[in-house]
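Q: Quick one: the structure is below, and I'll ask about it shortly.
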Amino acid sequence: MAVDLTPEELALAAELPPSEWGKATASVEAWYMDDDTEADQRLPHRRTPNEPCPPEALHALGVRLWVLDADKYESGDPKLAAIRKARGYSYEDCITCTPACLPDYEAKLKMFYQEHLHTDEEIRYVLDGSGYFDVRDADDRWVRIWTKKGALLVVPEGIYHRFTLDEGNYIKALRLFVGVPVWTPINRPAEEHPSRQKFLASVGQAATAAA
Numbered sequence: 004m005a006v007d008l009t010p011e012e013l014a015l016a017a018e019l020p021p022s023e024w025g026k027a028t029a030s031v032e033a034w035y036m037d038d039d040t041e042a043d044q045r046l047p048h049r050r051t052p053n054e055p056c057p058p059e060a061l062h063a064l065g066v067r068l069w070v071l072d073a074d075k076y077e078s079g080d081p082k083l084a085a086i087r088k089a090r091g092y093s094y095e096d097c098i099t100c101t102p103a104c105l106p107d108y109e110a111k112l113k114m115f116y117q118e119h120l121h122t123d124e125e126i127r128y129v130l131d132g133s134g135y136f137d138v139r140d141a142d143d144r145w146v147r148i149w150t151k152k153g154a155l156l157v158v159p160e161g162i163y164h165r166f167t168l169d170e171g172n173y174i175k176a177l178r179l180f181v182g183v184p185v186w187t188p189i190n191r192p193a194e195e196h197p198s199r200q201k202f203l204a205s206v207g208q209a210a211t212a213a214a
């Protein structure tokens, strides 16, 4: 559905272009993960030497990023309002993940870390704390995206991904959704699922366009 936006709303809703992601390291960083599956999932799992993931590579996968002033959330941030209007985010709730407030914390953390996809975008706005979103790239490598306060991250429909807290064991995040939320994860393998096929087609089209 087309949405009428004022020029001001269009400017406020504009995503952060990949060329600017490198200036936003206070809110987001991304790197290719090491192959250590035994160490705590909350560790950084950087390669030695560290291998940053180019923002353009994540953007080609459909990952989108905005950086907002999280301290403006409760007073009403016009930038967030413009993003919600432009992208049709009609639902929101707030979740806090810590050992103290999340029952069966360790079990839940392991569940979040199981590789899966969704039939819709996954949208998270970090209001406080930090955590890792891991996504599979076009070559099936894990890319770790460290989202910190102020980052609004969109993970596309159909991409294999997972989430974990970092060593701080704390994140407060706004969950956004188009319409009625569907939280059910579809665990890998799901290659024949329509959402997975849609994602693979989009990556193929992006690769063709970039060639």
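The sequence shown begins at 4 in the working numbering and counts up one residue at a time.
Glycine included, each C-beta is placed from N, C-alpha and C at the ideal position.
Is the beta carbon of Tyr76 closer than 9 Å to that of Phe180?
A: Position 177 of the sequence shown, counted from the start, is the residue given in the question as residue 180. Position 73 of the sequence shown, counted from the start, is the residue given in the question as residue 76. No, Cβ-Cβ distance for Phe180 and Tyr76 is not below 9 Å.
Q: Which value, in whole angstroms, describes the spacing of the CA atoms of Pro21 and Glu59?
A: Counting from one through the sequence shown, the residue named residue 21 turns up at place 18. Counting from one through the sequence shown, the residue named residue 59 turns up at place 56. Pro21 and Glu59: Cα-Cα distance of roughly 6 Å.
Q: Assign Trp186 to one of three DSSP states: helix, strand, or coil.
A: Reading the sequence shown from its first residue, position 183 is the one you call residue 186. Reduced to three states, the DSSP call for Trp186 is coil.
Q: Quick check on the DSSP output: what are the complete alpha helix (DSSP H) runs of length 4 or more inside the segment 118 to 193, in order along the chain?
A: Complete alpha helix (DSSP H) runs here, min 4: none at all.
Q: State buried or exposed for Gly134, treating a residue as buried only when at least 16 other CB atoms are found within 10 Å of its CB.
A: Here residue 134 corresponds to residue number 131 of the sequence shown, with the count starting at 1. That one is buried.
Q: With 16 other CB atoms within 10 Å as the buried threshold, where does Pro81 fall?
A: By 1-based counting over the sequence shown, the position of residue 81 is 78. By the 10 Å Cβ count, Pro81 comes out exposed.
Q: Would you mind reading off the limits of the alpha helix (DSSP H) that contains Ala17?
A: Residue mapping note: residue 17 aligns to position 14 of the sequence shown, counting from 1. Careful: Ala17 lies outside any alpha helix (DSSP H) and carries neither H nor E.
Q: Can you tell me whether Pro55 is helix, strand or coil according to DSSP?
A: As a first step, residue 55 must be located in the sequence shown, where it is residue number 52. Three-state result, Pro55: strand.
Q: Let me know the secondary structure DSSP gives Val206 once reduced to three states.
A: Against the sequence shown, residue 206 aligns to sequence position 203. Residue state, collapsed to three classes: helix.
Q: Are the beta-carbon atoms of Thr167 and Tyr108 separated by less than 9 Å?
A: Position 164 of the sequence shown holds residue 167. Position 105 of the sequence shown holds residue 108. In this structure, Tyr108 does not lie closer than 9 Å to Thr167 by Cβ.
Q: Hey, out of Trp145, Pro10 and Lys175, whose CA is closest to Ala85's CA?
A: Mapped onto the sequence shown, residue 85 falls at position 82. The candidate whose alpha carbon is nearest that of Ala85 is Pro10.
Q: Measuring straight from C-alpha to C-alpha, what distance separates Pro57 and Arg147?
A: As a working note, residue 57 is residue 54 in the sequence shown. As a working note, residue 147 is residue 144 in the sequence shown. Their Cα atoms are separated by approximately 12 Å.
Q: Smallest Cα separation from Trp186: which of Val206, Pro197 and Asp96?
A: Here residue 186 refers to the residue found at position 183 when the sequence shown is read from its first residue. Among Val206, Pro197 and Asp96, the Cα nearest to that of Trp186 is on Asp96.
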